[in-house]
Amino acid sequence: MAAGKSGPTRILVAGGGYVGLYTALRLQSKLRRNEASITVVDPQPHMTYQPFIPEASGGSIEPRHVVVPLRRVLRKCNVLTGRITKVEHARKVALMEAPDGHVEEIEYDQLVVALGSVARTLPIPGLAEVGIAAKTIGEAIYLRNHVLSRLDAAASTPDPEQRRRMLSFLVIGGGFAGIEMVGELEDMARYACRYYDNIKPEDMRWVVVDAANRVLPEVSPKMGVYTVERLMDRGIEVYLETLVKSVEGGHVVLSDGTEFDTDTVIWTAGVKANPVLAETDLPLDPRGRLRCTASLQVEGTSDAWGAGDCTAVPDLSRIEEDPQATCSPSAQHAVRQSKVLANNIVASLRGRKVRDYYHKYLGSVASLGLYKGVADVAGIKLKGYPAWAMHRAYHVSKMPTFNRKFRIIMDWTMALLFRREVISLGQINEPKAEFERVAKG
Ligand SMILES: Cc1cc2nc3c(=O)[nH]c(=O)nc-3n(C[C@H](O)[C@H](O)[C@H](O)COP(=O)(O)OP(=O)(O)OC[C@H]3O[C@@H](n4cnc5c(N)ncnc54)[C@H](O)[C@@H]3O)c2cc1C
């Protein structure tokens, strides 16, 4: 119980993503109702299992199955739909803007900052107008419909330039999100081509651009080279050490002089800590991340906690080689940090010692489309089908709740039995257009 208070300790979890959901799940199972009340605030009513976003875009998993409904699983928590806009930790108050626009003050005794990251963009002309990220479930659904709708449109245009533009797709960023996204979307579009008399896979142009000299920095350089080679075998163009200079009006200009037109610009070139952190009185590092100790307490406090993409948490496994090392923004850290964070809150409420977070990054596994993948985990390097199978097995095992695991396995089984569903529900992007046309006469 909080000092000087008679009721249960009020725990506020800001953000219901990986860290928010896992922390709240653990807290609700460990704390008694008379010990603490837990409030979780997120603008979305669900947690998104982001590593499955590319598969949801590629049509191998039903998008609803890669999100976890917060109210359904956090039965002992108070789930609020809204956006934290400010935190005054000195007063132990957070401001939440609700969907109807009203702003509410939420008082708390213990704060968990789990606000994640947002796309880190660059001032590239045209990017804000034509680009789209690949981080949310809405973007996953949009991209699947959009790519398939481009094939539909290209199949019926008599204009060769328009057709080339519609069949060109640009992915900016060669990290996890970019490589998995291009792998899944190209695979889906290639499969869909069989249903068009006048579009062959080689008519499409898929381009990946990255400023670095390699892709997938999370795996070894050798596996990065393997990934590029496999993508190129499929006709995907990979431009390394290349910058995107402009995408104005969908006209792409690369730093090596390459130019082409496209209707599809997917931005996956990195993330930065949620900018709302600037609206708090909590300590931030020069990159805008919340400064936390290894015990996941916000520096200089004993009742504010943080984990995940929005934080700078010392990486104790690398501290000897680099004293400034911090944990990378990954699900691998987010899940494990949540466990330690929840345990530490319980320990501190019960007057016990908190413990430090220590995890040696195990490596990574990425899907490159159906039956294709690359894995570099704990020194084990796998390619092709075994890596792809490992990717699916690992992520479905980590997917929260039996319900979601089962639904995803059923999706995969259905896709195996009845092939992939490649219909564009393009109308979803403009659901009112048809009614407006009819209503206007
Ligand atoms: C396409 C893709 C694939 C990935 N694949 C992998 C992978 O294979 N392996 C891996 O380790 N990592 C992967 N990652 C990274 C991983 O998903 C993130 O590191 C992880 O989600 C971080 O967890 P988090 O809780 O910090 O942030 P999130 O899970 O993003 O949660 C942040 C939450 O905060 C909410 N929020 C935002 N603003 C506010 C606000 N103002 N008020 C209240 N709530 C707010 C958001 O709605 C969200 O629910 C991938 C990421 C992407 C995008």
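The sequence shown begins at 155 in our numbering and counts up one residue at a time.
The beta-carbon is built from N, C-alpha and C at its ideal position, and this holds for glycine as well.
Quick one: which unbroken beta strand (DSSP E) runs of 3-plus residues sit fully inside the stretch 312-375? Chain order, please.
322-326 and 359-363
Considering only DSSP beta bridges, list what Y393 is partnered with.
Walking along the sequence shown from the start, residue 393 turns up at place 239. Paired residues: V363.
For S374, which option in V550, W542, K535 and L431 has the closest C-alpha, if you only look at C-alpha atoms?
Position 220 of the sequence shown, counting from 1, holds the residue named residue 374. It is K535 whose Cα lies nearest to the Cα of S374.
Which word fits P496, buried or exposed, when buried means at least 16 other C-beta atoms lie within 10 angstroms of its C-beta?
Indexing the sequence shown from 1 puts residue 496 at position 342. The sequence shown places Ala at residue 496, not Pro. That one is buried.
Mark A157 as exposed unless 16 or more other C-beta atoms lie within 10 angstroms of its C-beta, in which case mark it buried.
The residue labelled residue 157 in the question sits at position 3 within the sequence shown. Confidence at A157 is low in this model, with a pLDDT of 42, below 50, so the placement of that residue should be treated as unreliable; the coordinate-derived value is given next. Exposed, by the Cβ-count rule.
When T418, G424 and G454 are compared against D435, the one with the closest alpha-carbon:
Along the sequence shown, one-based indexing puts residue 435 at 281. It is G454.
Quick check on DSSP: helix, strand or coil for S456?
On the sequence shown, residue 456 is found 302 positions in, with the first residue counted as 1. Three-state DSSP puts S456 in coil, outside helix and strand.
Indicate, with yes or no, if ligand 1 has a heavy atom lying under 7 angstroms from the CB of G442.
Numbered from 1 along the sequence shown, position 288 holds the residue referred to as residue 442. Every heavy atom of ligand 1 is 7 angstroms or more from the Cβ of G442, so no.
Roughly how many angstroms lie between the CA atoms of L224 and V195, to the nearest whole one?
As a working mapping, residue 224 is identified with position 70 in the sequence shown. As a working mapping, residue 195 is identified with position 41 in the sequence shown. One C-alpha to the other measures close to 10 angstroms.
Where D565 falls: helix, strand or coil (DSSP):
Here residue 565 is taken as the residue at index 411 of the sequence shown, counted from 1. D565: helix per DSSP, three-state reduction.
Would you list the residues sitting across from F414 in a DSSP beta bridge?
Reading the sequence shown from its first residue, position 260 is the one you call residue 414. DSSP lists V406 as partners of F414.
In whole angstroms, what is the alpha-carbon distance linking E216 and R229?
In the sequence shown, the residue the question calls residue 216 occupies position 62. In the sequence shown, the residue the question calls residue 229 occupies position 75. E216 and R229: Cα-Cα distance of roughly 24 angstroms.
Integer-rounded CB distance, given that V325 should sit under 8 angstroms from V362:
Here residue 362 corresponds to residue number 208 of the sequence shown, with the count starting at 1. Here residue 325 corresponds to residue number 171 of the sequence shown, with the count starting at 1. Their Cβ separation, rounded to whole angstroms, is 5 angstroms, which keeps V362 and V325 in contact under 8 angstroms.
Go through its chain and collect everything with a Cβ distance to K354's Cβ below 8 angstroms, but skip five positions before and after it.
As a first step, residue 354 must be located in the sequence shown, where it is residue number 200. So the list reads C347, once near-sequence residues are dropped.
Straight-line CA distance for V267 to L444?
Residue 267 sits at position 113 when you count from the first residue of the sequence shown. Residue 444 sits at position 290 when you count from the first residue of the sequence shown. Approximately 9 angstroms, taken between the alpha carbons.
May I ask you to check if the CB of S484 is nearer than 7 angstroms to at least one heavy atom of ligand 1?
Here residue 484 refers to the residue found at position 330 of the sequence shown. Within the cutoff, so yes.
Whole-angstrom distance between S482 and A168, CA atom to CA atom:
Here residue 168 refers to the residue found at position 14 when the sequence shown is read from its first residue. Here residue 482 refers to the residue found at position 328 when the sequence shown is read from its first residue. If I take the Cα positions, the gap works out to 20 angstroms.
Which term fits I238, buried or exposed, when burial requires 16 or more other beta carbons within 10 angstroms of its beta carbon?
Against the sequence shown, residue 238 aligns to sequence position 84. By the neighbour-count rule (16 or more Cβ atoms within 10 Å), I238 is buried.
Just checking, does the stretch 420-440 make contact with the stretch 299-317 on the three C-beta pairs under 8 angstroms criterion?
no
Delimiting residues of the beta strand (DSSP E) encompassing K552
Taking the sequence shown and counting its residues from 1, the one referred to as residue 552 is at position 398. Looking at the DSSP string, K552 is not in any beta strand (DSSP E); the run it does join, the alpha helix (DSSP H), is G538 to K552.
Quick one, which of M201, G462, G337 and V220 has its alpha-carbon nearest V369's?
Position 215 of the sequence shown, counted from the first residue, corresponds to residue 369. Of the candidates M201, G462, G337 and V220, the one whose C-alpha sits nearest the C-alpha of V369 is G337.
Going by DSSP, name the residue or residues bridged to M201.
For the purposes of this step, residue 201 is taken as residue 47 along the sequence shown, with counting starting at 1. M201 pairs with V222.
Please report the distance separating the alpha-carbon of P554 from that of L570.
On the sequence shown, residue 554 is found 400 positions in, with the first residue counted as 1. On the sequence shown, residue 570 is found 416 positions in, with the first residue counted as 1. Approximately 23 angstroms between the Cα atoms of the pair.
Locate the alpha helix (DSSP H) running through T235, then write down its first and last residues.
Taking the first residue of the sequence shown as 1, we reach residue 235 at position 81. Premise fails: T235 lies in the beta strand (DSSP E), N232 to T235, not in any alpha helix (DSSP H).
Hey, quick one: how far does the alpha helix (DSSP H) through D263 stretch, first residue to last?
Position 109 of the sequence shown, counting from 1, holds the residue named residue 263. Counting along the chain, D263 falls outside any alpha helix (DSSP H), and DSSP gives it neither H nor E.
Give the DSSP bridge partners of Q130, in chain order.
With the chain covering 155 to 595 only, the question about residue 130 has no answer from this structure.
Helix, strand or coil: which one does DSSP assign to G171?
Along the sequence shown, one-based indexing puts residue 171 at 17. Note: G171 maps to coil in three-state DSSP.
Please name the residue or residues paired with E251 in a DSSP beta bridge.
Position 97 of the sequence shown, counted from the start, is the residue given in the question as residue 251. Note: E251 sits in a beta bridge opposite R237 and V257.
In the DSSP output, what is D476 paired with across the bridge?
Taking the first residue of the sequence shown as position 1, residue 476 is located at position 322. Beta-bridge pairing links D476 to no other residue.
How would you label F206, buried or exposed, when you count the other beta carbons within 10 angstroms and need 16 or more for buried?
If you number the sequence shown from 1, residue 206 lands on position 52. Buried, by the Cβ-count rule.
With a threshold of 16 other CB atoms inside 10 Å of the CB of Q581, please say whether the residue is buried or exposed.
Here residue 581 refers to the residue found at position 427 when the sequence shown is read from its first residue. Classification of Q581: exposed, given that the 10 Å Cβ count is below 16.
heavy atom of ligand 1 below 7 angstroms from I238 C-beta
Within the sequence shown, the letter at position 84 stands for residue 238. True, at least one ligand heavy atom lies under 7 angstroms from that Cβ.
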